[in-house]
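Asker: Attaching a single structure in structure tokens format; questions to follow.
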Amino acid sequence: MNKKLTFAAALLAATVMGGVANAKQLVYCSEASPAGFDPSPWSGGNDFDASSRTIYSRLVEFEHGKTTISPGLAESWTVSDDGLEYTFKLKSGVKFQTTDYFTPTRDLTADDVIFSFERQWKKENPWFEYLPGTGWEYFAGMGFPDLLKEVVKVDDLTVKFVLNKPEVAFLPDLGMDFASIVSKEYADQLEKAGTKEQFTQKPIGTGPFQFVDYQVDAVIRYQAWDGYFGGRQKIDDLIFAITPDPAVRAQKLKAGECDIMSYPAPADIAGLQADANLKVDEQEGLNIGYMAYNTTQAPFDKVEVRKALNMAVNKQAIIDAVYQGAGQVAVNPIPPTMWSYNTSIKDDEYNPDAAKKMLEEAGVKDLSMKIWAMPVSRPYNPNAQRVAELIQADYAKIGVKAEIVSYEWTEYRERGKAKDRDGAFQLGWTGDNGDPDNFLFLLGCDAIGQSNYAIWCNQEFQDLLLKGKATTDVAERTKIYEEAQVVFKREAPWLTIAHSKVFMPMNKKVSGFVMDPLGIHRFDGVDVTE
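If you're matching positions, the sequence shown starts at 273 in my numbering and goes up one per residue.
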């Protein structure tokens, strides 16, 4: 189907393909195309919405709207006294989805769990590099290759994880998207056929919805999975209408062309709230919007230069112009709603004169650089292009010439990882598991080449990260992470920009949708009434 396919035509095509005239349907206006439908190689929220939270399941799951975990594919688990062994008892009778391209011959077993992790971990695994040029961003960035000693099959329905060291957040980590469980039988079928790439194009999981069709950059269609172990969903058809422009998403919602939309522009929120047919849920976001300097490239390898550039930016002006009351200036790399947030740290002052002087003292003159701007709106940054323009103007005041660059969303993230990337890279993060480490690991040495876009490896900071992950006492962990934030602020690998409030507009006929503090959009349990 043509990439310029209109939404109406795509929706009609999807309905015809479904073959059900009166099926209950929910249309979600999403903000970007997914990089693929494998839940483990990528880290974008839109990737997770389209794959892990629709098609797949995990050993443990986060409760709707909370950061606490509950049983998922595992009905129970035990942890050894030394914290090094986690044994999971799998639910029996869990079915993998049946489609026109795969018919499973068995239920979920420990073999699927082991394969799901070993493909990301062991280089000799034939699936380790099945996507050329793409790594296992979370698995590697969170230090799992060093954490895991072995994953053992005790019996068909029992699997044991043996760790090299205690990891206090290991259980909630297993509720994250990269830890989704995939079908080894399906992978074996594709490997035998020589069509491994179909693993991320035609996915198979155990989740509430099964994949039906994807028209690139236009529409994704799913159907409720009759064999879902959690029970069949109330909606029959789930459709993602990919709509990058937030203003267009708002128009579609008002026109009844979609039932829920992601990430409205701040300027549109009041109008959406005033519409009698809509409701707009909101909550404080567990997020951070930032700009990462490439700390390996001159002159950004000098902390004085990074500090000077931070001092040149009027962050409050960005909050006022872009977030319009739905955000606050960020000081630390974790949000103030997160435990262990260091309230004693003072932000870099906005002082262009001092910034200019600091650059001169560092021997930097006539600096030209790039400012990278995301092509999509995100909860932590609704308009990266506008933010880049404001920073560009601020830099000009201190004699720094900045060029704004952007690329398609998936390409943007991959280019940003390059060791020789020029300039400062806008991105952000929404917490995955409610733990401070889930933010601070973005700056860890293990995450370089994955989620560490500052390419910053500071041994003092790294030692604190490792110490924090191995400590079970919350008060002690708090002290460790407070100290890590001091190191971060002193070294300034990022310009911390904002923490935002998150809004979720939807038609009033939608019920059961719960906003998630972890920034994921889940449609299990959602209903639509006429």
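From the three backbone atoms N, C-alpha and C, an ideal C-beta is built for every residue, glycine too.
Note that the structure is predicted; figures quoted are calculated from it, not measured.
1) Asp-692: buried (16+ other C-beta within 10 angstroms of its C-beta) or exposed?
2) In this structure, how does DSSP classify Gly-740 when only helix, strand and coil are distinguished?
3) Give the range of the beta strand (DSSP E) segment to which Val-594 is assigned.
4) For a test of the three-state rule: what should DSSP assign to Lys-524, helix, strand or coil?
5) Starting from Ser-612, trace the alpha helix (DSSP H) in both directions and tell me its first and last residue.
6) Going by C-alpha distance, which of Leu-712, Glu-675, Val-552 and Ala-522 is nearest Pro-605?
7) What does the alpha-carbon distance come out to for the pair Gly-716 and Gln-722?
8) Taking DSSP as the reference, what is the three-state secondary structure of Ile-386?
9) Please give the ranges of any beta strand (DSSP E) in the segment 643 to 684, keeping only runs that are unbroken, at least 3 residues long and fully inside the region.
10) For Asn-623, which three-state DSSP category applies?
11) Who are the near neighbours of Leu-420 in its chain, counting only those whose CB is closer than 8 Å to its CB and skipping five residues on each side?
12) Taking the beta strand (DSSP E) that Tyr-565 belongs to, which residues open and close that run?
13) Our contact map puts Leu-767 next to Tyr-562 with C-beta atoms below 8 Å; I'd like the distance itself, whole angstroms only.
14) Taking the runs of the alpha helix (DSSP H) that are 4 residues or longer, which of them lie wholly in the segment 479 to 545?
15) Would you kindly report the start and end of the unbroken beta strand (DSSP E) that includes Met-778?
16) Using 8 Å for Cβ pairs, my map puts Ile-617 next to Gln-757. What's the rounded Cβ distance?
17) Kindly indicate the opening and closing residues of the beta strand (DSSP E) around Pro-343.
18) Would you report the Cα separation of Ser-348 and Glu-333, rounded to the nearest angstrom?
19) Helix, strand or coil for Ile-720 per DSSP?
20) For the alpha helix (DSSP H) holding Phe-411, just list the boundary residues, first then last.
21) What did DSSP end up calling Ala-465 once you bin it into helix, strand or coil?
22) Along the chain, where does the beta strand (DSSP E) containing Thr-359 start, and where does it finish?
23) Specify the secondary structure class of Glu-333 as computed by DSSP and reduced to three states.
24) By DSSP, does Asp-725 sit in helix, in strand, or in coil?
25) Are Ala-645 and Ile-670 touching if we call contact CB-CB under 8 Å?
26) Under 8 Å, do Leu-544 and Pro-777 count as touching if we go by C-beta distance?
27) Classify Asp-372 as buried or exposed, calling it buried when 16 or more other Cβ atoms lie within 10 Å of its own Cβ.
28) Is Ile-532 closer than 8 Å to Tyr-300 when the C-beta atoms are compared?
29) Return the CA-CA distance between Gly-528 and Leu-550, expressed in angstroms with no decimal places.
30) So Met-448 and Asn-724 are supposed to be a Cβ contact under 8 Å. How far apart are they, rounded?
31) Compare the C-alpha of Thr-406 against each of Arg-685, Gly-797, Val-424 and Ala-542 and name the closest.
32) In chain order, what residues of the same chain have a beta carbon less than 7 Å from the beta carbon of Val-366, not counting five sequence neighbours either side?
33) Leaving out five residues on either side along the sequence, give the residues of the same chain with a beta carbon under 7 Å from the beta carbon of Tyr-535.
34) Does DSSP put Glu-303 in a helix, in a strand, or in coil?
35) Less than 8 Å between the CB atoms is what I'm expecting for Phe-795 and Leu-510, so what's the real figure, rounded?
36) Which stretch, first to last residue, makes up the beta strand (DSSP E) that contains Thr-430?
Answerer: Considering the structure as presented:
1) exposed
2) helix
3) Neither: Val-594 is in no beta strand (DSSP E) and is coded neither H nor E.
4) Helix, per DSSP.
5) Counting along the chain, Ser-612 falls outside any alpha helix (DSSP H), and DSSP gives it neither H nor E.
6) Leu-712
7) 10 Å
8) DSSP places Ile-386 in helix when its eight states are reduced to three.
9) Note on the segment 643 to 684: whole beta strand (DSSP E) runs with a minimum of 3 residues are 673 to 677, in chain order.
10) coil
11) The answer, listed in chain order, is Phe-389, Trp-393, Phe-433, Val-434, Leu-435 and Asn-436.
12) Residues 559 to 565.
13) Between the beta-carbon of Leu-767 and that of Tyr-562 there is about 6 Å, and that keeps the pair under the 8 Å contact cut.
14) 518 to 526
15) 766 to 779
16) 6 Å
17) First-last of the beta strand (DSSP E) with Pro-343: 341 to 343.
18) 12 Å
19) Three-state DSSP puts Ile-720 in a strand.
20) 409 to 413
21) helix
22) That run of the beta strand (DSSP E) goes 357 to 362.
23) strand
24) Residue 725 is actually Tyr in this sequence, not Asp. In this structure, Tyr-725 counts as coil in the three-state DSSP scheme.
25) With contacts defined by Cβ atoms closer than 8 Å, Ala-645 and Ile-670 do not form a contacting pair.
26) yes
27) exposed
28) yes
29) 10 Å
30) The pair is not a contact, with the Cβ atoms about 17 Å apart (cut-off 8 Å).
31) Nearest option by C-alpha distance: Arg-685.
32) Hits under 7 Å: Leu-345, Asp-379, Leu-380, Thr-478 and Phe-501.
33) If we look at Tyr-535 and ignore the five residues flanking it on each side, its Cβ neighbours are Glu-303, Pro-518, Ser-649, Arg-650, Pro-651 and Pro-654.
34) coil
35) 6 Å
36) 430 to 435
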